[in-house]
Amino acid sequence: MISCALRLCGGKIVHHLGDHYKIYHQDTKLFCFNFVSWCFCGKMSLVDSGLAGLGGEWMTLFEKLLGLLSLLMTLVLPLSACETPQPTSAPTQPLSTRVASHPFDTAWDDRSIFAQGLIDAEQEVLNGLPGASVYHIDLQISDDLLLLQGRERVHYRNRENEPLNEVYFRIFPNIAGGALTVSAVKIDEQGVEPVYELADSALRLPLPAALQPGDDLDIQMDFEVKVAQEMGGNYGLFGYFDGVLVLDEFYPVIPVYDDEGWNIEIPSPNGDLTHFEASFYLVRVNAPANLIIVASGVEVGREHQENNQVLTFAAGPARDFYLAASKDFDVHSETVGETTVNSYAWPELAGGAELALDFAVGALKSFNERFGVYPYTEFDVASTPMQALGMEYPGLVAITLKEYDPEVDFGGVPSQVYLESTVAHEVAHQWFYNVVGNDQVDEPWLDEAIVQYATGLYYIDAYGQDAAQGYRDSWYGRWERVGRAEIPIGMPTGAYEGQEYGAIVYGRGPIFVTALAKEMGQKVFDKFIRDYYESHKWGIGTGETFRQLAEDHCRCDLTALFEEWVYEKQD
Numbered sequence: 084m085i086s087c088a089l090r091l092c093g094g095k096i097v098h099h100l101g102d103h104y105k106i107y108h109q110d111t112k113l114f115c116f117n118f119v120s121w122c123f124c125g126k127m128s129l130v131d132s133g134l135a136g137l138g139g140e141w142m143t144l145f146e147k148l149l150g151l152l153s154l155l156m157t158l159v160l161p162l163s164a165c166e167t168p169q170p171t172s173a174p175t176q177p178l179s180t181r182v183a184s185h186p187f188d189t190a191w192d193d194r195s196i197f198a199q200g201l202i203d204a205e206q207e208v209l210n211g212l213p214g215a216s217v218y219h220i221d222l223q224i225s226d227d228l229l230l231l232q233g234r235e236r237v238h239y240r241n242r243e244n245e246p247l248n249e250v251y252f253r254i255f256p257n258i259a260g261g262a263l264t265v266s267a268v269k270i271d272e273q274g275v276e277p278v279y280e281l282a283d284s285a286l287r288l289p290l291p292a293a294l295q296p297g298d299d300l301d302i303q304m305d306f307e308v309k310v311a312q313e314m315g316g317n318y319g320l321f322g323y324f325d326g327v328l329v330l331d332e333f334y335p336v337i338p339v340y341d342d343e344g345w346n347i348e349i350p351s352p353n354g355d356l357t358h359f360e361a362s363f364y365l366v367r368v369n370a371p372a373n374l375i376i377v378a379s380g381v382e383v384g385r386e387h388q389e390n391n392q393v394l395t396f397a398a399g400p401a402r403d404f405y406l407a408a409s410k411d412f413d414v415h416s417e418t419v420g421e422t423t424v425n426s427y428a429w430p431e432l433a434g435g436a437e438l439a440l441d442f443a444v445g446a447l448k449s450f451n452e453r454f455g456v457y458p459y460t461e462f463d464v465a466s467t468p469m470q471a472l473g474m475e476y477p478g479l480v481a482i483t484l485k486e487y488d489p490e491v492d493f494g495g496v497p498s499q500v501y502l503e504s505t506v507a508h509e510v511a512h513q514w515f516y517n518v519v520g521n522d523q524v525d526e527p528w529l530d531e532a533i534v535q536y537a538t539g540l541y542y543i544d545a546y547g548q549d550a551a552q553g554y555r556d557s558w559y560g561r562w563e564r565v566g567r568a569e570i571p572i573g574m575p576t577g578a579y580e581g582q583e584y585g586a587i588v589y590g591r592g593p594i595f596v597t598a599l600a601k602e603m604g605q606k607v608f609d610k611f612i613r614d615y616y617e618s619h620k621w622g623i624g625t626g627e628t629f630r631q632l633a634e635d636h637c638r639c640d641l642t643a644l645f646e647e648w649v650y651e652k653q654d
């Protein structure tokens with residue numbers, strides 16, 4: 084396959100052709116080719132090139148050969164170089180039928196169906212996480228993709244140290260341009276009248292009797308969702324746009340209860356909406372048969388019913404459940420260890436889909452080595468319309484369509500350069516947001532700043548320190564938007580004004596993490612961040628637990644450093 088693409092090479096942008104290329108270099112020349120591709124950039128030594136030992140005459144002959152090849156390519160390129168690439172594999176619907184038990188027929192404590200979504204080393208988690216919530220959802224998507232009808236059952240345990248008199252659900256479509264209503268609400272088979280609060284973004288269920296610590300209850304409800312058709316809220320992550328259905332937080336979901344009570348505040352327009360415990364999701368989706376559906380978790384069942392398909396997905400442990408669908412998706416796939424990586428995009432964006440796959444594979448390899456192995460057997464990248472650049476979900480990331488289009492640039496920077504940094508950033512969120520949770524509303528730095536820093540590590544692993552410095556310099560560029568004001572990185576999203584959120588959390592934030600690594604010593608910091616991941620796996624980290632663990636590793640007092648960068652100044 085021949086496709087047009089841009090890549091970073093030695094810190095510079097170069098044009099290359101073809102799916103894969105090999106690198107040869109001598110002195111200031113870099114030759115990249117796979118018989119039909121070539122490029123020049125960078126400065127590297129001959130030692131690792133595979134051409135070591137070739138004499139000057141041979142190199143001259145080699146360069147002449149490349150020159151002849153380039154001449155031939157100028158004749159061929161007008162015919163083939165920028166034709167629409169073909170997908171590596173077509174997403175044809177499997178003819179086989181795999182019947183899964185209906186979620187409502189699955190026992191709450193039966194986690195066996197989630198095993199196929201977890202790598203071997205992660206299987207033991209199915210015997211852990213006592214009291215984790217379990218969601219069983221039956222979803223119907225209308226033929227026009229504008230109406231969702233669902234039934235939901237949730238098994239919930241009070242894991243707090245005090246009795247609960249009510250349970251809250253978040254219903255985010257009501258503040259994202261859509262509309263969600265519930266009916267037939269029951270708790271332990273007893274009817275309950277729900278109360279809508281906070282611009283209908285929260286649903287309070289008064290309990291018939293106080294739920295004591297350690298006690299469980301079963302909640303069931305029906306819900307109906309009108310899908311947004313305009314990108315009016317939450318960056319366009321929920322709705323039906325340009326032939327793509329994107330379902331971010333489309334179902335009623337229980338928020339975290341902590342020392343502040345139920346986390347039900349209306350989120351700021353800045354940042355993310357969510358703060359959820361790791362839970363288990365078994366979701367049955369009845370949808371038009373021509374849809375290609377991408378969802379959190381793995382597909383564990385597939386049936387065909389005339390013009391419809393019935394798919395069952397098992398995701399867990401996971402912070403939430405996401406679904407995207409289009410009749411036009413093609414899929415490109417590769418394997419990393421026990422994980423299948425899939426990249427979904429329209430056929431005309433196949434070149435971008437291949438690049439996104441390439442970047443996702445590279446990021447997974449980098450973070451597997453640095454933080455701990457990715458826990459799932461599947462990872463998906465989906466190109467979708469949105470106002471943001473990308474968004475993270477459990478086992479899946481959504482990336483804006485614009486970054487897949489080679490005709491688009493961002494302030495003169497080619498879209499594919501943005502695509503690489505966005506994909507790497509969102510992949511890093513699988514470690515910091517999903518596996519290790521945090522309050523993304525009150526402490527957004529705890530995932531975003533770490534993920535920005537991790538993206539810098541990806542560039543080091545992919546291209547070396549010098550090339551990675553260009554990405555790290557972008558943090559200062561962000562911070563410069565507010566004149567490098569020393570605004571704390573540890574504030575809630577709603578405390579930032581104007582450009583402050585992006586400048587401080589995404590710019591000053593990773594600069595702080597770099598300063599922390601320098602203060603602790605890089606080797607000590609590397610062990611600490613891996614320990615933070617392992618010790619908080621499937622739990623929730625806070626700024627304080629992060630600092631305390633760092634101090635345990637460095638055997639030093641980091642109070643002054645955190646006061647300088649993280650904490651709000653006290654009057």
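Taking the working numbering, the leading residue of the sequence shown gets 84, the next gets one more, and so forth. A virtual CB, placed ideally from N, CA and C, is assigned to each residue, including glycine.
Looking only at its own chain, which residues have a Cβ that is under 6 Å from the Cβ of D530, when we skip the five neighbours before and after it? Residue mapping note: residue 530 aligns to position 447 of the sequence shown, counting from 1. A distance below 6 Å between beta-carbons, with the five flanking residues on each side excluded, links D530 to the following residues of its chain, in chain order: F515, Y516 and N521.
T467 in three-state terms, based on DSSP: Position 384 of the sequence shown, counting from 1, holds the residue named residue 467. Here T467 sits in strand by DSSP.
Classify P335 as buried or exposed, calling it buried when 16 or more other Cβ atoms lie within 10 Å of its own Cβ. Walking along the sequence shown from the start, residue 335 turns up at place 252. Classification for P335: buried.
Rounded to a whole number of angstroms, what is the C-alpha to C-alpha distance between H238 and G399? Translated into positions along the sequence shown, residue 238 becomes position 155. Translated into positions along the sequence shown, residue 399 becomes position 316. Taking the straight line joining both Cα atoms gives about 14 Å.
Under 7 Å: does the beta carbon of L472 sit that close to some heavy atom of the ligand GTP? Among the components of this structure there are no ligands whatsoever, and the ligand GTP is therefore not found.
Expressed to the nearest angstrom, what Euclidean distance is found between the alpha-carbon atoms of D299 and N248? Locating residue 299 in the sequence shown gives position 216, counting from the first residue. Locating residue 248 in the sequence shown gives position 165, counting from the first residue. When rounded, the distance between both Cα atoms is 13 Å.
Taking the alpha helix (DSSP H) that Y559 belongs to, which residues open and close that run? Counting from 1 along the sequence shown, the entry for residue 559 is found at position 476. Q548 to E563 is the span of the alpha helix (DSSP H), which, as asked, contains Y559.
With which residues is Y427 paired in a DSSP beta bridge? One-based indexing of the sequence shown puts residue 427 at position 344. Its beta-bridge partners are V414 and A465.
Compute the Euclidean distance between the alpha carbons of G233 and H185, then round it to the nearest angstrom. Residue numbering aside, residue 233 sits at position 150 when the sequence shown is read from its first letter. Residue numbering aside, residue 185 sits at position 102 when the sequence shown is read from its first letter. Spanning the two alpha carbons is a distance of roughly 14 Å.
If you drop the 5 nearest sequence neighbours on each side, which residues of the same chain put their C-beta closer than 6 Å to that of D325? Working through the sequence shown from its first residue, we reach residue 325 at position 242. Here the set comprises P468.
Return the residue from the list I375, E503 and L231 that minimises the CA-CA distance to A545. Mapped onto the sequence shown, residue 545 falls at position 462. Residue E503 is the option with its Cα nearest to A545.
By Cβ distance below 8 Å, which residues in the same chain neighbour G445 in space, the five residues on each side in sequence not counted? Taking the sequence shown and counting its residues from 1, the one referred to as residue 445 is at position 362. Only A507, Y541, D544 and A545 meet the Cβ criterion.
Identify whether T597 lies in helix, strand or coil by the three-state DSSP scheme. Within the sequence shown, the letter at position 514 stands for residue 597. Note: T597 maps to helix in three-state DSSP.
Buried or exposed by the 16-neighbour rule on C-beta atoms within 10 Å, applied to P291: For this step, residue 291 is matched to residue 208 along the sequence shown. The residue is exposed, with fewer than 16 neighbouring Cβ atoms inside 10 Å.
Output the distance between the C-alpha atoms of L365 and A397, rounded to the nearest integer angstrom. Numbered from 1 along the sequence shown, position 282 holds the residue referred to as residue 365. Numbered from 1 along the sequence shown, position 314 holds the residue referred to as residue 397. The straight-line gap from Cα to Cα measures roughly 5 Å.
Would you decide whether V182 is buried or exposed? Buried here means 16 or more other CB atoms lie within 10 Å of its CB. In the sequence shown, counting from the first residue as 1, residue 182 sits at position 99. With fewer than 16 Cβ atoms within 10 Å of its Cβ, V182 is classed as exposed.
In whole angstroms, what separates the C-alpha of A198 from that of P296? Within the sequence shown, residue 198 is the residue found at index 115, counting from 1. Within the sequence shown, residue 296 is the residue found at index 213, counting from 1. The straight-line gap from Cα to Cα measures roughly 29 Å.
Could you say if the stretch 305 to 320 and the stretch 449 to 458 meet the contact criterion of at least three C-beta pairs nearer than 8 Å? no
Assign V510 to one of three DSSP states: helix, strand, or coil. As a working note, residue 510 is residue 427 in the sequence shown. Looking at V510 - three-state DSSP - the assignment turns out to be helix.
Residue environment, P352, which counts as buried when at least 16 other CB atoms sit within 10 Å: The residue given as residue 352 occupies position 269 in the sequence shown. It is exposed - the Cβ of P352 has fewer than 16 other Cβ atoms within 10 Å.
Between S172 and L228, what straight-line distance do the alpha-carbon atoms span, to the nearest angstrom? Against the sequence shown, residue 172 aligns to sequence position 89. Against the sequence shown, residue 228 aligns to sequence position 145. Residue placement at S172 is poorly supported in this model, since its pLDDT is 38, which falls under 50; the coordinates are not used for a value here.
For N257, count neighbouring C-beta atoms within 10 Å of its own C-beta (all shown protein chains included) and say buried if the count is 16 or more, exposed if not. By 1-based counting over the sequence shown, the position of residue 257 is 174. Its Cβ being crowded by 16 or more others within 10 Å, N257 is buried.
Separation of Y579 from P371, as counted between CA atoms: Locating residue 371 in the sequence shown gives position 288, counting from the first residue. Locating residue 579 in the sequence shown gives position 496, counting from the first residue. Distance between the alpha carbons of P371 and Y579 is about 43 Å.
Among N451, P489, G547 and P246, the one whose alpha carbon lies nearest that of V510: Position 427 of the sequence shown, counting from 1, holds the residue named residue 510. Nearest C-alpha to V510: N451.
Return the chain-ordered list of same chain residues with a C-beta closer than 6 Å to the C-beta of A408, the five sequence neighbours on each side being excluded. Sequence index remark: in the sequence shown, residue 408 carries index 325 (1-based). These residues qualify, in order along the chain: L328, L374 and I376.
Let's test the definition: count the other Cβ atoms within 10 Å of the Cβ of P213 and tell me whether it reaches 16, buried, or not, exposed. Looking up residue 213 in the sequence shown gives position 130. That one is exposed.
Measure the CB-CB distance between E235 and Y218 and report whether it falls below 8 Å. Here residue 235 is taken as the residue at index 152 of the sequence shown, counted from 1. Here residue 218 is taken as the residue at index 135 of the sequence shown, counted from 1. For E235 and Y218, yes; Cβs fall inside 8 Å.
Taking all protein chains shown into account, decide if R30 is buried (16 or more other Cβ within 10 angstroms of its Cβ) or exposed. The chain is shown from 84 up to 654; residue 30 falls before or after that span and cannot be answered.
State the DSSP-derived secondary structure class of Y579, mapped to helix, strand or coil. In the sequence shown, residue 579 corresponds to position 496, counting from 1. Three-state result, Y579: coil.
Does the separation of the CB atoms of Y559 and G590 fall below 8 Å? What you label residue 559 is simply residue 476 of the sequence shown in a count that begins at 1. What you label residue 590 is simply residue 507 of the sequence shown in a count that begins at 1. In this structure, G590 lies closer than 8 Å to Y559 by Cβ.
Based on the DSSP secondary-structure assignment, which residues constitute the bridge partners of T264? As a working note, residue 264 is residue 181 in the sequence shown. Bridge partners of T264: E307.
Excluding the five sequence neighbours on either side, which residues of its own chain have a C-beta within less than 6 Å of the C-beta of R564, listed in chain order? What you label residue 564 is simply residue 481 of the sequence shown in a count that begins at 1. Contacts found: Q582 and A586.
Enclosing alpha helix (DSSP H) for V444 [first to last residue]: The count along the sequence shown starts at 1 and reaches residue 444 at position 361. Per DSSP, V444 belongs to the alpha helix (DSSP H) from A433 to R453.
Same chain, Cβ closer than 7 Å to Y279, neighbours up to 5 away in sequence not counted: Along the sequence shown, read from residue 1 onward, the residue named residue 279 stands at position 196. Within the same chain, Y279 has close Cβ partners L286.
Within 8 Å, strictly: CB atoms of V381 and G200: The residue labelled residue 381 in the question sits at position 298 within the sequence shown. The residue labelled residue 200 in the question sits at position 117 within the sequence shown. Cβ distance < 8 Å, so V381 and G200 count as in contact.
Can you tell me whether DSSP reads C87 as helix, strand or coil? Start at 1 with the first residue of the sequence shown, and residue 87 comes out as number 4. With a pLDDT of 31 at C87, under the threshold of 50, the modelled position of that residue is not reliable, and the figure given next carries that caveat. Strand, per DSSP.
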